[in-house]
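Chemist: Counting in this note's numbering, the first sequence runs from 87 upward without gaps.
C-beta: ideal position from N, C-alpha, C; glycine also.
Everything numeric in this text was worked out from a predicted model, so none of it was measured.
Sharing a structure here in structure tokens format.
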Amino acid sequence: MEGPSSVRKGAWSKCEDDLLRACVQLYGEGKWHLVPQRAGLNRCRKSCRLRWLNYLKPNIKRGDFSEDEVDMMIRMHKLLGNRWSLIAGRLPGRTSNDVKNYWNTYMRRKVYSHKKDNNVEKQADEAKSTVQRHQVIKPIPRALTKTAPRLQGKLFNSSKVGVSEAAGAASSGSGNWWETLLENKKDNHEGNIINNTCFFGGADGELDLWDEELNPIACDFLSEGENWSDFLLDL
DNA sequence: AAGTTGCGCAACCGCCGCATT
DNA sequence: AAATGCGGCGGTTGCGCAACT
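Below is the structure:
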């Protein structure tokens, strides 16, 4: 039933793409609730945003994932789980939708091939459940108050102050998710293993200890000269 | 050549957190 | 403190196309 407020759904036409592109170029990204009106599109704000982010946005990389990208994706997924937006953020030109789609396909292939190789359905299920059981490290959202010392002044201006410095210093504050995570790792220290990425170690809560402990873990997705502190802060 | 199946991608949906009122 | 609106995210669905029978 088509009411007056009903919005168009389904595939986008070239004309709609042009309107949306022109609108974003004119007004910039954001204010998505205004975009349909501004662009003269009979689409909901979410649809506009998604279309822009996943398709129209410049610098979006198309085509197959390179070996490096796949490798990084696997490692990132191991660390973060299904945090597609975070993973995509580490893959320049790739969108979270791309990563998610690729991963779902990749996993399907992997499970299928495992099934085929072993010719035992049970083992394939085990492989699948291994992935599901995988305990992942998830950033714990914490409110950063405006009065937090680390948010005062220029600390987060990475051009003036090293990011790792900020991250290391931030770890000494209270209420940061990585600190909570460190608490967790202390709690789990008896077991020594939190997921197979081994988040354990000293109890002093210094992030550079993390670097030492995490560096042995395959972490090719860290840029040259970048350490875990940088990476975690980046996230 | 026609029908069927499987895959990849684009898009939708529902939920959540945050900011504002 | 509660209600509301918005942006953002992850899971899921559906369509179009290529491969296969």
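1. Would you kindly work out how many angstroms separate the C-alpha atoms of Ser152 and Leu177, rounded to a whole number?
2. My output table needs one value for Glu115: the three-state DSSP class, helix, strand or coil.
3. So the candidates are Arg180, Leu106, His119, Asp184; which of them puts its Cα closest to the Cα of Arg137?
4. From the DSSP output, in three-state form, read off Asp104 for me.
5. Out of Val93, Lys186, Tyr192, point me to the one whose CA is closest to Cys134's CA.
6. Note the first and the last residue of the continuous alpha helix (DSSP H) segment covering Val121.
7. Could you check where the alpha helix (DSSP H) with Trp138 kicks off and where it finishes?
8. Which residues in the same chain as His119 place their Cβ atom closer than 8 angstroms to its Cβ, once the five residues preceding and following it in sequence are excluded?
9. With 16 as the cutoff for other CB atoms within 10 Å, does Glu102 come out buried or exposed?
10. Have a look at Asn129 and Val110 and give me their C-alpha separation to the nearest angstrom.
11. Could you spell out the range, first to last residue, of the alpha helix (DSSP H) harbouring Val156?
12. For Ala125, count neighbouring C-beta atoms within 10 Å of its own C-beta (all shown protein chains included) and say buried if the count is 16 or more, exposed if not.
13. Would Trp170 pass as a contact of Lys186 if the rule is Cβ separation under 8 angstroms?
Modeler: Inspection of the coordinates gives the following:
1. Distance between the alpha carbons of Ser152 and Leu177 is about 11 angstroms.
2. Correct three-state label for Glu115: coil.
3. Per the Cα distances, Leu106.
4. Asp104 carries a helical assignment under DSSP once its states are collapsed to helix, strand and coil.
5. Ranking Val93, Lys186, Tyr192 by Cα distance to Cys134 puts Val93 first.
6. For Val121, the enclosing alpha helix (DSSP H) stretches over residues 121-125.
7. Looking at the DSSP string, Trp138 is not in any alpha helix (DSSP H), and its letter there is neither H nor E.
8. Setting aside the 5 residues that flank it on each side, His119 is surrounded in the same chain by Arg131, each with a C-beta closer than 8 angstroms to its C-beta; the list follows chain order.
9. Glu102 counts as buried, since no fewer than 16 other beta carbons sit within 10 angstroms of its beta carbon.
10. The question names Asn, but residue 129 is Arg in the sequence shown. Taking the straight line joining both Cα atoms gives about 15 angstroms.
11. Val156: member of the alpha helix (DSSP H) spanning 153-166, first to last residue.
12. So Ala125 counts as buried.
13. Contact: yes.
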